[in-house]
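There are 2 protein chains.
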Amino acid sequence: MNFEVTILGSGAAVPTLRRNPTSQYVVCNDRHILIDCGEGTQMQIRNYGIRFQRLSHILISHLHGDHFFGLVGLLSTMHLMGRDKGITVYGPTELESIIKSQLEIGGAKLDFDLQFIATDPKNPQLIFEDNLIEIHSFPLKHRIPTTGFLIREKTKEFNLNSEAIKESGLKIEHFHLLKKGQDILTEDGQLYSCKDFTFPPKPSYSYAFCSDTKYDISIVPFVKDVSVLYHEATFTNKDSERAKATFHSTAAQAADIAKRANVGKLYLGHLSARYESTAFHLSEAAELFDKTEVVEDGMKFLVSA
Amino acid sequence: MNFEVTILGSGAAVPTLRRNPTSQYVVCNDRHILIDCGEGTQMQIRNYGIRFQRLSHILISHLHGDHFFGLVGLLSTMHLMGRDKGITVYGPTELESIIKSQLEIGGAKLDFDLQFIATDPKNPQLIFEDNLIEIHSFPLKHRIPTTGFLIREKTKEFNLNSEAIKESGLKIEHFHLLKKGQDILTEDGQLYSCKDFTFPPKPSYSYAFCSDTKYDISIVPFVKDVSVLYHEATFTNKDSERAKATFHSTAAQAADIAKRANVGKLYLGHLSARYESTAFHLSEAAELFDKTEVVEDGMKFLVSA
Chain A
1326 MNFEVTILGS
1336 GAAVPTLRRN
1346 PTSQYVVCND
1356 RHILIDCGEG
1366 TQMQIRNYGI
1376 RFQRLSHILI
1386 SHLHGDHFFG
1396 LVGLLSTMHL
1406 MGRDKGITVY
1416 GPTELESIIK
1426 SQLEIGGAKL
1436 DFDLQFIATD
1446 PKNPQLIFED
1456 NLIEIHSFPL
1466 KHRIPTTGFL
1476 IREKTKEFNL
1486 NSEAIKESGL
1496 KIEHFHLLKK
1506 GQDILTEDGQ
1516 LYSCKDFTFP
1526 PKPSYSYAFC
1536 SDTKYDISIV
1546 PFVKDVSVLY
1556 HEATFTNKDS
1566 ERAKATFHST
1576 AAQAADIAKR
1586 ANVGKLYLGH
1596 LSARYESTAF
1606 HLSEAAELFD
1616 KTEVVEDGMK
1626 FLVSA
Chain B
1326 MNFEVTILGS
1336 GAAVPTLRRN
1346 PTSQYVVCND
1356 RHILIDCGEG
1366 TQMQIRNYGI
1376 RFQRLSHILI
1386 SHLHGDHFFG
1396 LVGLLSTMHL
1406 MGRDKGITVY
1416 GPTELESIIK
1426 SQLEIGGAKL
1436 DFDLQFIATD
1446 PKNPQLIFED
1456 NLIEIHSFPL
1466 KHRIPTTGFL
1476 IREKTKEFNL
1486 NSEAIKESGL
1496 KIEHFHLLKK
1506 GQDILTEDGQ
1516 LYSCKDFTFP
1526 PKPSYSYAFC
1536 SDTKYDISIV
1546 PFVKDVSVLY
1556 HEATFTNKDS
1566 ERAKATFHST
1576 AAQAADIAKR
1586 ANVGKLYLGH
1596 LSARYESTAF
1606 HLSEAAELFD
1616 KTEVVEDGMK
1626 FLVSA
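Residue numbers (my numbering), protein chains in the order written: chain A, 1326 to 1630; chain B, 1326 to 1630.
Structure representation (structure tokens):
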């Protein structure tokens, strides 16, 4: 199944010509998820040819403007474009009244159902699940209440070994049990071991999003072993004092988290407008964790790679 | 003196790849004024190479998102870029608490002085003046309280006729009175008529901004004889019913206002995303008022032309 991330905004608080404020579009098993929605996100969605009416979940990490100032405009555009399918927004408690009051002041009433689910900035939480995916939030350490998000494929089904099944006497009604990894005991007392009639499930992939946060090893358990970690890297080593003062991370600190968490790959973003080049971010991170890239607006990458 | 408008956003509620939501940058006698500030305005300011720290006045017409969702982000960026010079924001009463609450929730405290002046949606009002310019607001008719704005150069000084003065016996201390158009009566009873010693002042130009509004001839007196009128033209004739229902105008209605008000030139904007071409806007307006243009993002025009 597809599991892909498109970077809509890779910049920090001050947007530049090259980097919009934070937003990412994640497609996971045909679930269409937006993470953060900085100013201009709806234009970026259009720029990159994404069909925004497909979005079903919007996750907002925290209430700094560069992470949510595009949200009400996006919802409003969805409404004006004729949306009738509901949408769920997850974010800090106060976000609900911000959305409501801005729509109200503008005299707008959405023609679709907007469900709001408050995230918990203190504890990890399963905020959504269906038959294929799970979305979790987990606490980050920033100047205001902030959460990261983890999108995880559920354990996939075992694949039937049709060759083996053909000669076994197993029937169609047994197949869904085998797919779930169960052994079969038939009425006549025959035991069929799942492993003899299936191939192992394909691997399940996972994507964790950490922005914004100070360097904090307490987040390691939440992102342990994920396939891909996105971690903010607002600063480089020479500005590490500034990182500390503003509750942000350096590229090296992000790499340290990636290494401790044994992630498959690390993507760095939320780069401060002060840097012309990404060279130091990359080299400083790679010293600790070499499977690192810096994101750019418009970049796409597979989580299931 | 310079009097120039740059269009930062020419679209309506739904932004497109070509048209950002409404915003205009007006330079009038070295006063730097932003009118409306739709989502993405700070990026457009950057796109078009405008030095946004020069802005001293921000005028917000009404609280539909496509006219102000970029404001708090812009103020925040000004702060992060080290602004210390104050700024004045003019707009509907509720805007003040929106700005304050969004900054507060984000934990931001601006390092510059932000003065807020509420506009009156029911009566015309002089909202700013100095020695060179005046800014007025005036009521428009839209679904929510809305004002237009008029930026007007004050009557300029008479220009001294140095040839005539040289042989007259007039002294330096008389010059500032002549510049103001006053006749001079000297202590020895001699009368000097201003018109004999000056050339007439250069013309004073004026720019009126009307967005959003239904067709309403009661606004004609407010924009009477302006050099340049910007008037919204969300729709064309074929969608005139929709214009009526949404309290917007057609291009022809904007032209009718321009004609009644005897303006120098008409610019049309706030075009609905439904139109691929501007041809009908232009032709339908030109039937009534031929000095008409349709604005595009990035367009610049002189008011003092």
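Ideal Cβ placement from N, Cα and C applies to all residues, glycine included.
Could you have a look at residue i and say whether DSSP puts it in helix, strand or coil?
i         : result
B/Arg1567 : helix
A/Ser1381 : coil
A/Glu1429 : helix
A/Ala1533 : strand
A/Asn1484 : strand
B/His1606 : helix
A/Gln1515 : coil
B/Gly1499 : According to the sequence shown, residue 1499 of chain B is His rather than Gly. Residue state, collapsed to three classes: helix.
A/Leu1554 : strand
A/Leu1435 : coil
A/Leu1613 : coil
B/Gln1369 : helix
A/Phe1560 : strand
B/Thr1472 : strand
A/Asp1409 : coil
B/Leu1342 : coil
How would you call residue i, buried or exposed, if buried means at least 16 neighbouring beta carbons within 10 angstroms?
i         : result
B/Glu1429 : exposed
B/Asn1345 : buried
A/Thr1418 : exposed
B/His1501 : exposed
B/Leu1495 : buried
A/Pro1528 : exposed
A/Lys1539 : buried
B/Thr1347 : buried
A/Arg1356 : buried
A/Ser1401 : buried
B/Pro1525 : exposed
B/Glu1566 : exposed
A/Leu1516 : exposed
A/Met1406 : exposed
A/Leu1465 : buried
A/Thr1366 : buried
B/Leu1359 : buried
B/Gly1334 : buried
Return the bridge partner residues of residue i from the DSSP annotation.
i         : result
B/Glu1478 : B/Ile1458
A/Gly1416 : A/Ala1443
A/Ile1375 : Answer is none; A/Ile1375 lacks a bridge partner.
A/Cys1362 : A/Ser1348
B/Lys1625 : B/Thr1331
B/Arg1356 : B/Cys1353
B/Glu1492 : The partner list for B/Glu1492 (beta bridge, DSSP) is empty, contrary to what the question assumes.
B/Phe1394 : Partner(s): none; B/Phe1394 has no beta bridge.
B/Gln1450 : B/Ser1462
B/Phe1524 : B/Asn1484
B/Glu1618 : B/Tyr1592
A/Leu1510 : A/Leu1516
B/Thr1575 : B/Phe1560
A/Gly1336 : A/Leu1596
Quick one: measure Cβ to Cβ for residue i and residue j, integer angstroms, because I've assumed they're closer than 8 angstroms.
i         : j         : result
B/Ala1610 : B/Gly1336 : About 18 angstroms; that fails the 8 angstroms criterion.
A/Val1553 : A/Tyr1532 : 5 angstroms
B/Thr1523 : B/Leu1485 : 6 angstroms
A/Tyr1530 : A/Val1628 : 5 angstroms
A/Leu1388 : A/Ile1469 : 6 angstroms
A/His1382 : A/Thr1413 : 5 angstroms
B/Phe1474 : B/Ser1493 : The Cβ separation is near 43 angstroms, so there is no contact.
A/Gly1390 : B/Val1352 : Rounded, the Cβ-Cβ distance is 27 angstroms, inconsistent with contact.
A/His1606 : A/Ala1558 : 6 angstroms
B/Ala1568 : B/Thr1575 : 5 angstroms
B/Leu1435 : B/Ile1385 : Not a contact, Cβ separation roughly 17 angstroms.
Item to complete: Quick one: which residues of the stretch 1390-1422 of chain A get their C-beta closer than 7 angstroms to a C-beta of chain B? List them in chain order.
Response: Residues Gly1390, Phe1394, Gly1395, Val1397, Gly1398, Ser1401, Thr1402, Leu1405, Met1406, Glu1419.
Worksheet item: Mind listing which residues of the stretch 1350-1364 of chain A have their C-beta closer than 9 angstroms to chain B's C-betas, in chain order?
Response: Interface annotation for the stretch 1350-1364 of chain A against chain B: Gly1363, Glu1364, criterion Cβ-Cβ distance under 9 angstroms.
Worksheet item: When you check each C-beta in the stretch 1326-1343 of chain B against every C-beta of chain A, which residues fall closer than 8 angstroms?
Response: Identification of residues in the stretch 1326-1343 of chain B having a C-beta nearer than 8 angstroms to some C-beta of chain A yields Ala1338, Val1339, Pro1340, Thr1341, Leu1342, given in sequence order.
Fill in: Members of the stretch 1443-1473 of chain A that neighbour chain B once the beta carbon cut-off is set at 7 angstroms
Here the close residues are Arg1468, Ile1469.
Practice prompt. Return the residues of the stretch 1367-1379 of chain A that lie within a Cβ-Cβ distance of less than 9 angstroms from chain B, sorted by chain order.
Written response: Listed in sequence order: Gln1367, Met1368, Arg1371, Asn1372.
Practice prompt. Mind checking the stretch 1588-1612 of chain A against chain B and listing, in chain order, the residues whose C-beta falls within less than 8 angstroms of any C-beta there?
Written response: Across the stretch 1588-1612 of chain A, no CB contact with chain B closer than 8 angstroms is found for any residue.
Practice prompt. Could you name the residues of the stretch 1428-1442 of chain B whose beta carbon sits closer than 9 angstroms to any beta carbon of chain A, in the order they occur along the chain?
Written response: Result list: Leu1428, Ile1430, Gly1431, Gly1432, Ala1433.
Fill in: Members of the stretch 1504-1537 of chain A near chain B, C-beta cut-off 8 angstroms
Against chain B - using a Cβ distance shorter than 8 angstroms - the stretch 1504-1537 of chain A contributes no residues.
Worksheet item: Taking Cβ-Cβ distances below 8 angstroms as the criterion, which residues of the stretch 1475-1506 of chain A are in contact with chain B?
Response: Listed by position along the chain: nothing, the set is empty.
Worksheet item: Given a limit of 9 angstroms on CB to CB distance, which residues of the stretch 1617-1630 of chain A reach chain B?
Response: Listed by position, the residues of the stretch 1617-1630 of chain A near chain B (Cβ gap below 9 angstroms) amount to none.
Item to complete: Compile a chain-ordered list of the residues in the stretch 1547-1560 of chain B whose CB is closer than 9 angstroms to at least one CB of chain A.
Response: Result list empty, no residue passes.
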